[in-house]
Every structure is written in C-alpha cells, then in structure tokens.
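A short write-up of the structure that comes next.
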Amino acid sequence: MSKQERLRKVKTMNPQWLVLRLFFALPTGVLVFYFLQTEANPWLMGGLLLALTIAANVLFSRESSFVKSLTPNEQAKKVVSIQYKLDYLFVIMMAVIFPLMMRFSMLTLSPFILFMGSVILILFTQFKLDQQLEWIDAEQPTRREIQRTRFRFST
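Structure, rendered in structure tokens:
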C-alpha cells in the first residue's frame, strides 16, 4: 500500500479520533482548571486527573494499533509504538505532573528546568523517530504527516 493510500485511511479515521480526543481533552482541561483554582481536596482532584489520563491510554493504544496496522514492517511498528508512548507521556506530564508542581508550589527553578528539559527531550526524540521511520518504511506515514492530516477531513 502506498503512502497516499495509508494517509487516506488515516484521514477517514480522523473524525473518530477527534471526537475521542475531545472526550478526554475537555474534561481534563476543566479538571486542571479546577485543580489549580479551587481549594477542593487536591488529592481527589489529582486522582481524578490521573484516572482520566490513564483512561486516555486506551485511546492512545487504539490509535497506535491502527497506525501500526498500516505497515507490515515489525521495526516500523515498534517505532510507532514508541512514538505513541511518548505522546502519552507528554500528556501525563502536561495534565498531571505540571499541575501538581504548580498546586504544591514545587515550580522553582530546578524542577522547572528538569520539566522543560524533559519536554524538549520528548520532542527531539519524536523528531528522530520520524526520521528513523522514514528510513525503515518509506511508505509509512510519519507522526508529523499524521498530525498534519488531523484536522483535514476531506479525501
């Protein structure tokens, strides 16, 4: 299957993935806001945030399985799996770890530098994995190409 055919399959799944992503993103955003702005029990709010992001793992694993099904190459499937795990780690960092750091006043210079360094490392690793994926299977859409098609619904 050519890259264009694979991207066309991704485009047909985009509306489904968008609805599922919004199903997790909107409540997570609201919970982060309330977690940071209210005096409610921080452990309860933090637990709800963590539970919601753990539930979002189902979405990431299903999307990963779909993208992996587009290639017969086992190495490419491993790279795609790592990319989605890194995406999930990024969500955990932004939806759970960063708000916890802010809520408990742990956002001093050292933790902030460590946090930002981790974010930069994840983004750099994603870039390198995209390059590796292009080398392993030239017909497999990269993470960047899939993200570019995320909000284009026309075929």
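Quick note on our numbering: the sequence shown kicks off at 1 and runs consecutively. For each residue, glycine too, the CB sits at the ideal point set by N, CA and C.
Please confirm whether residue i and residue j have their CB atoms less than 8 angstroms apart.
i	j	result
ARG143	ASP130	yes
PRO141	LYS11	no
ALA95	THR53	yes
MET1	GLU139	yes
LYS9	LEU70	yes
LEU36	PRO111	no
By a C-beta neighbour count over all protein chains shown, 10 Å radius and 16 as the cutoff for buried, is residue i buried or exposed?
i	result
LEU31	buried
GLU39	exposed
VAL67	buried
SER64	buried
Kindly indicate which residue of the options has the alpha-carbon position closest to the one of residue i.
i	options	result
ARG103	ASN41, GLN132 and LEU18	ASN41
ASP137	ASN57, SER105 and PRO72	PRO72
VAL119	ILE92, THR108 and GLU145	ILE92
In this structure, does DSSP put residue i in helix, strand or coil?
i	result
ARG150	coil
ASN159	The question about residue 159 has no answer, for the chain in this structure spans 1 to 155.
PHE124	helix
SER110	helix
_When you compare the region 46–53 with the region 76–85, are there three or more beta-carbon pairs, one atom per stretch, that lie closer than 8 angstroms?_
Cβ pair count under 8 angstroms is below three, so no.
*Kindly confirm or deny that the region 13–24 and the region 81–90 touch, where touching means at least three C-beta pairs closer than 8 angstroms.*
Segments in contact, no.
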